[in-house]
Amino acid sequence: MTTIVVPILIGLAFGWSLHKAGLGKYHKIVNVFRFTDLAVLKYMMSAMVVGVSLIYLFKGLGWLTLAISTPVYALGNFAGGLVFGVGMAAAGF
Amino acid sequence: MSVLTAKPQETDIPRRENWLVAQIRKPQWSPYAAGAMLGLTVALSLLVAGQMPGSSGAFENLIAYVGQKAVPQNIYFKFVMPPGITWQVWLLLGLFLGALASAWLSHDFKWRHVPEKQWVAIFGPQRWKRWTVAFVGGIILEIGAGIAGGCTSGLAISGGVQLAPAAFLFIPGMFISGILTALVIYRKKY
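The listed protein sequences correspond, in order, to chains A and B.
Under my numbering, the first residue of the first sequence carries the number 867, and numbering increases by one thereafter.
Under my numbering, the first residue of the second sequence carries the number 275, and numbering increases by one thereafter.
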């Protein structure tokens, strides 16, 4: 249940929102890097604003103990981002 | 008189479409609205499942089956991304189905071999070009995600909502090289 149904449901909502934002399309992804269509940025920032608010609300209510599970290795995170951006801008994924 | 039988004039009024149905049918939402939906999804995912949604990890978990067979001593597939039908793999399946449902219901679904907008105007309609760039670009993207520890969703957004420093190192890196790559690819058409 929690290992199969829950991720599928979360994925459904995730995929749905991605498509509704038009982010399945090549030009939407590339144009954020050309500053002609900032949908990707708007989508990311909007998600973060809502996400941060809710997560810290849940945390404040004691429903969630927050353990940052994303490891920090400054150079790797940044360098990985640099490599990632090349692929993203080229392929438009 | 029954109330149920007493509405013959309803057909004269143009039927107002249900708001929810209209939103479902809409091919595109405001990116702010769609983003808010993702923010809600990420928060619920953390609350309900204690997991962060990400999409690049699933590909690595799947390809690890091949990778571990081919190079058994590989550390990455042994420890970092071991093979398995993980939580992320199911999420990816749902992600695909969710996007498919959205495309289908908004009549946006179509088999496309080459992105018709922008790509054709700049690179031409040849299929091999698009497929080569998509394939190579996809490999670069996955390598980058592997080094950084996540992609736009798994690291930038899911990490960002927890205010993880890693996300805020990744995002500038991604935009710096993305902008430079777009500059190089588009040159004068930038």
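Glycine included, C-beta positions come from ideal geometry on N, C-alpha and C.
Hey, residue 949 (chain A) and residue 313 (chain B) are a contact pair by Cβ (cut 8 Å); roughly how many whole angstroms apart?
-> At roughly 27 Å, the Cβ-Cβ gap does not stay under 8 Å, so residue 949 (chain A) and residue 313 (chain B) are not in contact.
So, helix, strand or coil for residue 275 (chain B), using DSSP?
-> Reliability fails at residue 275 (chain B), whose pLDDT of 48 lies under 50, so the model's placement of it is uncertain and no value is given.
Cβ-based contacts, 9 Å cut-off: residues of the stretch 923 to 937 of chain A near chain B | 923, 924, 929, 930, 932, 933, 934, 935, 936 and 937
Applying a beta-carbon distance threshold of less than 7 Å, which residues of chain C neighbour residue 303 (chain B)?
-> This model lacks chain C altogether; the protein chains it does include are A and B.
Can you find a C-beta in chain A that's less than 9 Å from the C-beta of residue 275 (chain B)?
-> Reliability of the predicted coordinates at residue 275 (chain B) is poor, the pLDDT of 48 falling under 50, and no value is obtained from them.
Please list the partners that residue 954 (chain A) has in chain B, where partner means a Cβ-to-Cβ separation under 7 Å.
-> Those are 415, 448 and 452, listed as they occur along chain B.
For residue 385 (chain B), decide whether its Cβ has a neighbour in chain A, counting only Cβ atoms nearer than 9 Å.
-> Chain A contact via Cβ: absent.
Enumerate in chain order the residues of its own chain whose CB-to-CB distance from residue 464 (chain B) is below 6 Å, with the five nearest sequence positions on each side excluded.
-> 457
Taking any Cβ of chain B, which residues in the stretch 904 to 921 of chain A have a Cβ under 9 Å from it, in chain order?
-> Correct list: 904, 905, 906, 907, 908, 909, 910, 911, 912, 913, 914, 915, 916, 917, 918, 919, 920 and 921.
Can you tell me which of A:956, A:930, A:937 and A:955 puts its alpha carbon nearest to the alpha carbon of residue 433 (chain B)?
-> The residue among A:956, A:930, A:937 and A:955 with its C-alpha nearest the C-alpha of residue 433 (chain B) is A:937.
For the alpha helix (DSSP H) holding residue 322 (chain B), just list the boundary residues, first then last.
-> Unbroken run through residue 322 (chain B): none, as it is neither H nor E.
Terminal residues of the continuous alpha helix (DSSP H) containing residue 894 (chain A)?
-> 892 to 899
If you scan the stretch 296 to 380 of chain B from start to end, which runs of the alpha helix (DSSP H) of 4 or more residues do you find wholly inside it?
-> List check, alpha helix (DSSP H) in window: 305 to 318, 330 to 344 and 361 to 379.
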